[in-house]
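K.L.:
Residues 7 to 339 (the numbering used here) make up the sequence shown, in order. Even glycine gets a Cβ: it sits at the ideal position worked out from N, Cα and C. Mind having a look at this structure? Questions to follow.
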Amino acid sequence: MKVLFYDTKKYDRDSFEEIAGEFPDIEVDYLEADLSVQTAKLAYGYDAICAFVSSDVGTAVVEGLAKVGVKLILMRCAGFNNVDVECANSKGITILRVPGYSPEAVAEHAIALALAVNRRIHKGYIKVRDNNFSLVGLTGANFYKKTAGIIGTGKIGAAMCRICAGFGMKILAYDIYQNPDLDFVEYVSLDRLLAESDLISLHCPLTDDSYHLICKDTIEKMKDNVVLVNTSRGALINTEDLIAGIRNRKFFGVGLDVYEEETNNVFENREDDILETSITARLLSFPNVIVTSHQGFLTKEALEAISRTTFENAAAFETGDIKKENLVGIFAK
Ligand code: NAD
């Protein structure tokens, strides 16, 4: 099988090359360019393409891939909201993904953001580099014996619950389904979670129901001096309302690995660009906000799991032995 890999970053290539030897029947070529109508044509002669969470795998691209004979789309991520699944299936293209590669990777990044913003690590780091050893402005609060509110208790949310329990926190959770493994967690209404939590961390997917879940109305229901963390999807939070809340001194700290309108920024070095929106700059203007660039998944273990499952998906497509949970849509060879 021949696979064309789009939007290759050094860390992708390194982790895929490490596993490649175990799959001698799969030949991979790497492109730095991401998928587009133009670059889809480059897949001529390949059986499969490999794309990521930010790739455009919409209708026009899928049609282009079908035209050059691609039979398989390998998503090297869990999400597939960027893929026109119906169009791909109607053209006989199978879509396989990596559903749960390392929930702990994202949960550990969420608690890293919470701790860093709470203890002002981002400020302390800069100050000490400037020989400023003053502690003014660095006072945090203990998480021990405080309340963590976890919204979405699937794989990543459950890992975050376990971490917060390890810190000696009381855990409140809100989800449309309760996770039976989390017997140390109290499931409550969203309103109660908002009203009682000192740390709120978002771990639900972006759906029509969860779009702008955090908005003026829900921010008003939160405790004053709450720490808010989002490692899930940017549009769970209405950014304008968040900025208003920060200005109203509602938050002790905000840690964002994802934010609205991040798409053009994600994984790119844009230091010479004049950015088209001021959202990132406005968020970064606040001393109690930390923004990272959608790096929650980026651990050695997660990258290895992504590479391995992607190769296994390609091999399974050849043998017809596809894992149901890795299949997106209805069509399998
Ligand atoms: P999951 O499917 O295991 O869990 C999601 C949970 O959210 C489920 O329990 C579901 O019932 C719940 N849920 C769905 N809609 C809800 C709603 N409206 N309100 C409350 N709960 C709701 O998913 P997961 O693997 O834990 O991933 C969670 C999210 O993390 C993903 O959707 C993705 O957006 C994000 N993610 C981010 C990164 C990163 O690098 N920052 C990496 C992977 C995943």
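Pull up the DSSP beta-bridge partners for D204, would you.
P.N.:
Note: D204 sits in no beta bridge, so no partner.
K.L.:
Decide yes or no for the touch test of the segment 116-125 against the segment 247-262: beta carbon pairs closer than 8 Å, at least 3 of them.
P.N.:
The answer is yes - the segment 247-262 touches the segment 116-125, with three or more Cβ pairs under 8 Å.
K.L.:
Nearest CA to the CA of F317: which residue from R276, E246, G51, I25?
P.N.:
Cα-wise, what sits closest to F317 is I25.
K.L.:
Can you give the Cα-Cα distance for K152 and P186, rounded to whole angstroms?
P.N.:
Distance between the alpha carbons of K152 and P186: 23 Å.
K.L.:
Restricting to Cα atoms, I'd like to know which of E267, Y36, C221, M228 is closest to I206.
P.N.:
The option with the nearest alpha carbon to I206 is M228.
K.L.:
Tell me the DSSP bridge mates of G155?
P.N.:
Answer is L178, I206, bridged to G155.
K.L.:
On the DSSP bridge assignment, give the partners of D35 in chain order.
P.N.:
DSSP output for D35 lists L10 as bridge partner(s).
K.L.:
Can you give me the C-alpha to C-alpha distance between K339 and A49, rounded to a whole angstrom?
P.N.:
Reliability fails at K339, whose pLDDT of 48 lies under 50, so the model's placement of it is uncertain and the value that follows must be treated cautiously. Roughly 19 Å separates the two Cα atoms.
K.L.:
Between V68 and the rest of its own chain, which residues show a CB-CB distance below 6 Å, the 5 nearest in sequence each way excluded?
P.N.:
Hits under 6 Å: D90, C93, A94.
K.L.:
Would the segment 312-328 and the segment 31-38 be scored as touching if the rule is three or more Cβ pairs under 8 Å?
P.N.:
Judged by Cβ distances under 8 Å, the segment 312-328 makes contact with the segment 31-38, as three or more pairs qualify.
K.L.:
Using the three-state DSSP reduction, which class does T245 fall into: helix, strand or coil?
P.N.:
Three-state DSSP puts T245 in a helix.
K.L.:
Please work out which residues of its chain come closer than 7 Å, Cβ to Cβ, to K15, disregarding the five sequence neighbours upstream and downstream, and give them in chain order.
P.N.:
Once the five neighbours on either side are set aside, the close Cβ partners of K15 are F273.
K.L.:
At a cut-off of 7 Å, is A84 close to the ligand NAD when judged by its beta-carbon and the heavy atoms of the ligand?
P.N.:
A84 Cβ: within cutoff of the ligand NAD.
K.L.:
Report yes if the C-beta of Y265 is less than 7 Å from at least one heavy atom of the ligand NAD; otherwise report no.
P.N.:
Outside the cutoff, so no.
K.L.:
Hey, I220 and I243 are a contact pair by Cβ (cut 8 Å); roughly how many whole angstroms apart?
P.N.:
Going by Cβ atoms, the distance from I220 to I243 rounds to 4 Å, so yes, they are a contact pair.
K.L.:
With a threshold of 7 Å, establish whether the CB of F149 neighbours any heavy atom of the ligand NAD.
P.N.:
Result no, Cβ not under 7 Å from the ligand NAD.
K.L.:
Give me the Cα-Cα distance between F11 and L102, rounded to the nearest whole angstrom.
P.N.:
Going by the C-alpha atoms only, they are around 14 Å apart.
K.L.:
Tell whether a beta-carbon distance below 8 Å holds between D278 and V233.
P.N.:
For D278 and V233, no; Cβs fall outside 8 Å.
K.L.:
Would the segment 102-112 count as touching the segment 71-81 if we require 3 or more Cβ pairs under 8 Å?
P.N.:
Yes, since at least three Cβ pairs between the segment 102-112 and the segment 71-81 fall closer than 8 Å, the two stretches touch.
K.L.:
Return the bridge partner residues of Y193 from the DSSP annotation.
P.N.:
A179.
K.L.:
Look up I225 in the DSSP assignment and say whether it is helix, strand or coil.
P.N.:
Three-state DSSP puts I225 in a helix.
K.L.:
For F273, which residues does DSSP report across the bridge?
P.N.:
Paired residues: none, contrary to the question.
K.L.:
Applying the 10 Å Cβ sphere with the 16-neighbour rule, what's the burial state of Y265?
P.N.:
So Y265 counts as buried.
K.L.:
DSSP beta-bridge partners for T100?
P.N.:
DSSP lists L78 as partners of T100.
K.L.:
Mind reading off the beta-carbon distance from V235 to A165? Whole number of angstroms is fine, and I expect it under 8 Å.
P.N.:
Actually they do not touch by this definition, with Cβ atoms about 13 Å apart.
K.L.:
Between A72 and I99, is the Cβ-Cβ spacing less than 8 Å?
P.N.:
Yes, they are a contact pair.
K.L.:
Threshold first: 3 residues or longer. Then list the beta strand (DSSP E) segments lying entirely within the segment 88-138, N to C.
P.N.:
The segment 88-138 contains these whole beta strand (DSSP E) runs: 100-102.
K.L.:
Specify the secondary structure class of N332 as computed by DSSP and reduced to three states.
P.N.:
DSSP places N332 in helix when its eight states are reduced to three.
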